[in-house]
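In my numbering, each residue's number is its place in the sequence shown (first place is 1) plus 1034. Written below as structure tokens is the structure these notes are about.
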Amino acid sequence: MASILIVEDEAPFRERFVRTLQRNGHECRPCGDVATARLAVEEADYDVAFVDLRLPDGLGTELLERLGERAPQTAIIMMTAYAGLESAVESLRHGAVDYLEKPFSFEQALHRLDRVLEYQGVLADNQRLRRELRSAEPATDIIGTSDAMRSVQALIDRVAASPTTVLITGESGTGKELVARQIHHQSRHQKGRLVSVNCAAIPDQLLESELFGHEKGAFTGAEQVKRGLFELADKGTLFLDEIAEMETNLQAKLLRALESREIMRVGGTRPIPIDIRLLVATNRRLADLVATGDFREDLYYRVRVVEIALPPLRARAGDVAILARHFVQKFCRELKRASLGVSNAAMRYLVAYRWPGNVRELQNVIERAMILCSGDWIEPEDLPADLTGKAELGDEDLRAAVWAYEREHIRTVLDSVDNDRKRAAELLGIGVSSLYRKLQEPLPEAQREGPDPGLDA
Ligand SMILES: Nc1ncnc2c1ncn2[C@@H]1O[C@H](COP(=O)(O)OP(=O)(O)OP(=O)(O)O)[C@@H](O)[C@H]1O
Ligand SMILES: [Mg+2]
């Protein structure tokens, strides 16, 4: 059973196609235009996408690029009524694996689908290749001017150069992977690869041979020697994401590899020396898992030599405005649209929201808003209902939102004038004394948070 994205504007045809695929045991997500499909791509992963070339709000090839970036594992089959070699070649050039010329029969489509799924099976092993490609991307800047993010950046600067293992913790979407990338790019291992492994995404039995590789004949199906990710990351950085999901036997092997600086392929007898920088991340509390015996204590101490704890976004509300603006600019570039602003009313909701999905959620909210927004400003009605729904912001929330927004703004202005407070006050149209006061005003109660309970101190 495969999960399939269908992007086709002709509704009756789309529905029949979906029913046929469902009868064959596949899961389908139908979309009628580019905008809906873009959202669908953010929300789930697909094995295969059938994409119509001509859509009411754009060309299917735009989606090809998007899918290529966000979901390189999705195989794309173009559907085109404008036959001709030209559009087909064009879409293949944009990364489609196949195309169907309309009109086609559903048998034809199913046949192509089977072929693509089979091909994907063959390619599953090449996931690692894609991972390498991904790691070749330059690191994006870590945005944030809150005290918390400034100290995170300072810590990154301090640890990047040393070979120490770093444990990166934080709720989902707080930027753990981004930090890992940044460390890699600032480190002396930057010439090597950054190999990322999501321990939660790979079944236990496979993870061992993914990490350590295997010799020919090590187990049924091991027809070739396979180098593991440790070997691929040699002289570079190995990033083990969601390390808490690794089962304890494998944790023991990992520890052994780290201590001896060598690994053994599954079924092998020859130790292979490795020189890697290890970074690990988790959104769970490792200390608790150690207490319940689900995470090995010895490995815990080995990986938490240095810990970078990313605070949840709600604990650094002052970063929301600057992040929102950063994402607006980013999507303006990507969507090739003229610049756009966030209205004050909308910004107030953004700053006051609790962001359970952290920066990733903010990024998605901005992208969605930009697709929906028709004017020059993102307005509250462009935001999801759960942000604006509980509409009455409490007085406390509002004060906190204004506080955070103001402080962020003042800081930006101060930065722009090299901390010349007199000049900044002039630019802001306030007196120097009220500038001082505003900088010293404590965070209103509503937004103040203790250390996050989900993180190790
Ligand atoms: N400070 C930041 N500045 C700019 N972009 C950020 C920042 N923090 C996170 N992002 C962006 O938010 C998204 C989520 O970040 P990332 O994938 O690093 O989170 P994560 O902590 O690894 O989440 P998960 O636990 O779900 O894997 C990414 O697109 C990332 O680029
Ligand atoms: Mg992550």
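Backbone N, C-alpha and C fix where the C-beta goes; we use that ideal spot for every residue, glycine too.
Of the residues the options, the one placed nearest residue i, counting alpha carbons only
i, options, result
"Val1495", "Ser1221, Glu1211, Glu1205", "As displayed, the chain neither begins before 1035 nor continues past 1491, which places residue 1495 out of reach and without an answer."
"Lys1199", "Lys1456, Ile1297, Arg1338", "This sequence places Thr at residue 1199; Lys is not what is there. It is Arg1338 whose Cα lies nearest to the Cα of Thr1199."
"Ser1294", "Ala1069, Ile1306, Asn1378", "Ile1306"
"Ile1356", "Ile1400, Phe1138, Phe1273", "Ile1400"
"Arg1348", "Val1131, Asn1392, Thr1326", "Asn1392"
"Leu1292", "Gly1301, Arg1394, Asp1309, Ala1386", "Asp1309"
"Arg1350", "Leu1374, Arg1367, Ala1386, Glu1331", "Ala1386"
"Gln1474", "Leu1461, Phe1140, Leu1384, Ile1444", "Ile1444"
"Glu1099", "Val1354, Leu1126, His1060, Met1113", "Leu1126"
"Phe1273", "Arg1215, Arg1457, Arg1104, Val1451", "Arg1215"
"Lys1136", "Ala1083, Met1113, His1145", "Met1113"
"Thr1070", "Leu1097, Val1082, Ala1379", "Leu1097"
"Glu1076", "Pro1106, Leu1055, Arg1057, Leu1093", "Pro1106"
"Asp1143", "Asn1058, Val1340, Gly1463, Gly1226", "A small fix is needed here, since residue 1143 is Ala in this sequence, not Asp. For the residues Asn1058, Val1340, Gly1463, Gly1226, the minimum Cα distance to Ala1143 belongs to Asn1058."
"His1218", "Leu1241, Tyr1133, Ala1267, Met1183", "Ala1267"
"Gly1094", "Arg1104, Tyr1080, Ile1111, Ala1078", "Ile1111"
"Leu1323", "Glu1279, Pro1197, Val1052", "Glu1279"
"Leu1320", "Arg1184, Leu1448, Ala1182, Thr1203", "Thr1203"
"Leu1344", "Glu1124, Lys1225, Leu1201, Pro1197", "Leu1201"
"Thr1254", "Glu1124, Glu1044, Leu1240", "Leu1240"
"Ala1083", "Asn1453, Arg1072, Ala1419", "Arg1072"
Residues near residue i by beta carbon distance below 7 Å, same chain, minus five either side
i, result
"Gln1397", "Phe1361"
"Asp1275", "Glu1211, Ser1230, Val1231, Asn1232, Cys1233, Ala1315"
"Leu1369", "Met1404"
"Arg1261", "Gly1247"
"Ala1459", "Gly1465, Val1466, Leu1469"
"Glu1296", "Pro1305, Ile1306, Pro1307, Ile1308"
Rounded separation between residue i and residue j - CA only
i, j, result
"Val1041", "Arg1088", "10 Å"
"His1060", "Leu1312", "39 Å"
"Glu1281", "Arg1388", "33 Å"
"Thr1108", "Arg1299", "30 Å"
"His1248", "Gly1066", "45 Å"
"Arg1471", "Gly1209", "32 Å"
"Arg1394", "Arg1304", "43 Å"
"Ala1286", "Asn1378", "53 Å"
"Pro1064", "Thr1326", "44 Å"
"Leu1163", "Leu1461", "Note that Leu1163 has pLDDT 47, beneath the 50 cutoff, so the model's placement of it is unreliable and the number below is only indicative. If I take the Cα positions, the gap works out to 51 Å."
"Asp1191", "Gly1302", "39 Å"
"Pro1074", "Gln1056", "According to the sequence as given, residue 1074 is Ala; it is not Pro. One C-alpha to the other measures close to 18 Å."
"Asp1091", "Ala1036", "27 Å"
"Asp1238", "Phe1047", "42 Å"
"Glu1242", "Gly1226", "22 Å"
Same chain, Cβ closer than 8 Å to residue i, neighbours up to 5 away in sequence not counted
i, result
"Ala1195", "Gln1220, Ser1221, Arg1222"
"Leu1374", "Val1362, Cys1366, Met1404, Cys1407, Asp1410, Trp1411, Ile1412"
"Leu1289", "Arg1330, Asp1332, Leu1333, Arg1336"
"Ala1456", "According to the sequence provided, residue 1456 is Lys. The question's Ala does not apply to it. These residues qualify, in order along the chain: Val1466."
"Gly1102", "His1128, Gly1129"
"Val1131", "Ala1109, Ile1110, Ile1111, Val1150, Tyr1153"
"Glu1265", "Gly1247, Ile1297, Ile1306, Ile1308"
Limits of the unbroken beta strand (DSSP E) element including residue i
i, result
"Leu1039", "1037-1041"
"Ile1356", "Note, Ile1356: premise wrong, no beta strand (DSSP E); alpha helix (DSSP H) at 1354-1368."
"Met1112", "1109-1114"
"Phe1084", "1082-1086"
"Ala1315", "1311-1316"
"Glu1135", "1132-1135"
Nonlocal neighbours in the same chain, by C-beta distance under 6 Å from residue i, ignoring five residues either side
i, result
"Ser1206", "Asn1317"
"Ile1236", "Glu1244"
"Phe1138", "none"
"Ser1180", "Arg1350, Gly1352, Asp1353"
"His1145", "none"
"Arg1053", "none"
Residue span of the alpha helix (DSSP H) that contains residue i, given as start and end
i, result
"Val1393", "1392-1406"
"Pro1046", "1045-1057"
"Ile1202", "From DSSP, Ile1202 is part of no alpha helix (DSSP H) but of the beta strand (DSSP E) over 1200-1203."
"Ala1351", "Per DSSP, Ala1351 belongs to no alpha helix (DSSP H) and is neither H nor E."
"Ile1176", "Premise fails: Ile1176 is in no alpha helix (DSSP H) and is neither H nor E."
"Ser1468", "1466-1474"
"Phe1246", "1238-1246"
"Thr1422", "1419-1422"
"Arg1457", "1455-1462"
"Glu1211", "1210-1220"
Rounded distance between the beta-carbons of residue j and residue i, thought under 8 Å
i, j, result
"Ile1342", "Leu1189", "5 Å"
"Val1213", "Ile1176", "7 Å"
"Tyr1383", "Thr1422", "5 Å"
"Lys1250", "Val1259", "5 Å"
"Val1376", "Arg1359", "7 Å"
"Ala1380", "Asp1416", "7 Å"
Residue i at chain D interface by Cβ criterion, 9 Å
i, result
"Arg1100", "No chain D is part of this structure, which consists of one protein chain only."
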